[in-house]
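Let me begin by presenting the structure, written as structure tokens, before commenting on it.
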Amino acid sequence: MKEPIIYTDLVLLKRMQEGDEDAFREIYDRYNELLYAYAFRRLQSKEEAKDVVQEVFINLWERRSVFVLKTYLAGFLYKSVLNKILDIWKHNKVVRRHVLSQPLEIDVDSVETDFLVREKEVAALITKEIAAMPPRMREVYELKFRHFYSATQIAADLGISENTVATQLQRASAHLKNKLGLIVFIIYVLNK
């Protein structure tokens with residue numbers, strides 16, 4: 046019986062770049078489970094881990110004709126998965142920071158708890174409410190929660206006192222809590 050030929054990653058990659066779907070499938074079969082396990086350990090979500098790995102392979106296939114490997118294929122794939130995980134964490138960080146800074150209450154018997162809120166819709170509502178803040182308050186809030194500046198950095202950049210920064214942040218948090226209290230709570234629950 047003839048032994049199957051086992052191709053190196055570089056040979057498979059070259060064949061994939063030429064449009065060979067079997068070579069791509071071999072790369073997928075070789076790394077899919079390993080990348081999934083890696084993503085799952087960090088995300089603790091089966092669906093998010095599957096999505097991240099799927100996106101990495103889709104991008105690899107779609108960019109195959111212009112793809113240039115500067116390292117090992119395994120290293121590239123793991124780094125791509127890690128970058129997608131970091132994007133997810135970065136996206137969720139702003140929402141989590143705000144939620145954790147405010148105690149929230151919810152009436153579990155209310156009609157509102159029955160609604161399913163999609164993340165994009167909620168993000169759009171939060172963006173809208175941030176945009177509705179007075180300009181200085183919005184500027185301080187965005188520097189703190191989107192750019193992760195310290196109160197000292199914000200004060201220095203804007204030429205205001207740290208007390209003013211603290212006051213603006215308290216007002217911004219109160220504004221968002223008043224406008225988005227239940228919605229922000231739902232985001233917190235969905236992103237746990």
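All residue numbers for the sequence shown refer to my numbering, where the first residue is 46 and numbers rise by one. Glycine is no exception: its CB is placed at the ideal position from the N, C-alpha and C atoms. This one's a predicted model, so the numbers in the text were calculated from it and none came from an experiment.
CB-CB under 7 Å to residue i, same chain, minus the five flanking residues each way: which ones, in chain order?
i      : result
Tyr83  : Tyr123, Val126
Thr53  : none
Phe85  : Lys91, Ala94
Trp106 : Phe69
Beta-carbon separation of residue i and residue j under 7 Å?
i      : j      : result
Leu221 : Glu184 : no
Arg87  : Ile133 : no
Val210 : Ala217 : no
Ala219 : Glu207 : no
Ala68  : Arg60  : yes
Gln62  : Arg108 : no
Met178 : Gln213 : no
Please work out which residues of its chain come closer than 8 Å, Cβ to Cβ, to residue i, disregarding the five sequence neighbours upstream and downstream, and give them in chain order.
i      : result
Arg163 : Legend: pLDDT at Arg163 = 45, less than 50; position of this residue unreliable, value from coordinates given subsequently. Answer for Arg163: no residue qualifies.
Asn104 : Ser125
Asn223 : none
Counting C-beta neighbours from all protein chains within 10 Å, is the total for residue i 16 or more, i.e. buried, or is it exposed?
i      : result
Leu55  : exposed
Lys135 : exposed
Gln215 : exposed
Val98  : buried
Phe193 : exposed
Tyr117 : exposed
Lys91  : exposed
Leu161 : Only weak support exists for where Leu161 lies, its pLDDT of 36 falling under 50; the value from the coordinates is given anyway. By the neighbour-count rule (16 or more Cβ atoms within 10 Å), Leu161 is not buried but exposed.
Asp159 : Here the model assigns Asp159 a pLDDT of 34, short of 50, so the residue's position is not dependable and the matter cannot be decided.
Check for me: the alpha helix (DSSP H) holding residue i runs from which residue to which?
i      : result
Glu63  : Premise fails: Glu63 is in no alpha helix (DSSP H) and is neither H nor E.
Tyr186 : 180 to 190
Lys91  : 91 to 107
Ile199 : 196 to 203
I believe residue i touches residue j by the beta-carbon criterion, under 8 Å. Please report the beta-carbon distance rounded to the nearest angstrom.
i      : j     : result
Phe102 : Tyr81 : Not really, about 11 Å apart at Cβ, beyond 8 Å.
Glu71  : Leu57 : 5 Å
Within its chain, find whatever has a CB closer than 6 Å to the CB of residue i; leave out the 5 residues flanking it on each side and keep chain order.
i      : result
Ala51  : The sequence shown places Ile at residue 51, not Ala. Correct list: empty, nothing qualifies.
Asp152 : Residue confidence for Asp152 is low, a pLDDT of 45 falling below 50, so the modelled location carries little weight; the figure read from the coordinates is stated next. Excluding residues within five positions, none has a Cβ falling inside 6 Å.
Leu188 : Tyr194, Ile199
Tyr186 : Ala217
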